[in-house]
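Everything below concerns the one structure shown next.
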Amino acid sequence: MNPNEIALEKKLYQFISEYADDPHCLLELLRFWGRHPSARFNRLAIIHALDCQQSLVNKALSYLLDRGVVQGHTESDVTLYSLTELEPVRSLVLSLAKRDLPQYLAASQIYSQRREVYA
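For the sequence shown, our numbering assigns the number 5 to the initial residue and increments by one for each residue that follows.
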């Protein structure tokens, strides 16, 4: 790993570790945005795309909105969500989506175990 990748890894770990509700759902949502960086989705479409409970998706989406990772756009009284255009944050999300499945699953498992220890 080069120094830039290590720095991104640290930022990603810090960002996810600050989220206490369900890190697995947050990771799923971040990977979702990494796979669809230029698309806009309504809340229901996002919920159906993820393998998480609706309440957990809503909390994770609110967390990402509050931190500027995701933006909300209202069109015809419907709020559509998209990945931010801010480059440092956008790059972090895209780098997560580029990881292969075993790396992602290992990270998800570590965050889940860490949460159980502190529960």
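Backbone N, C-alpha and C fix where the C-beta goes; we use that ideal spot for every residue, glycine too.
- Residues Val82, Thr83, Leu84 and Tyr85 of the same chain have their beta carbon placed closer than 8 Å to that of Asn46, with the five preceding and five following residues left out of the count.
- Contact annotation: Val97 and Gly72 have beta-carbon atoms that are not nearer than 8 Å.
- Here Tyr67 is buried, its C-beta having at least 16 other C-beta atoms within 10 Å.
- Its chain contains no residue whose beta carbon lies nearer than 6 Å to that of Asp70 once the 5 sequence neighbours on both sides are disregarded.
- Counting only runs that start and end inside the region 30-73, the alpha helix (DSSP H) elements of at least 4 residues fall at 47-53 and 58-70.
- For Ser99, the enclosing alpha helix (DSSP H) covers residues Glu91 to Lys102.
- Of all alpha-carbon atoms in Arg44, Ala43, Gln18 and Arg35, the one lying nearest the alpha-carbon of Asp55 is that of Arg35.
- Look at Ser80 here: in three-state DSSP terms it is coil, with no helix or strand label.
- Take the alpha-carbon of Ser21 and the one of Thr88: they are about 21 Å apart.
- Tyr23 sits in coil when the DSSP states are folded into three classes, being neither helix nor strand.
- Our two residues, Gln57 and Glu32, have alpha carbons roughly 12 Å apart in a direct line.
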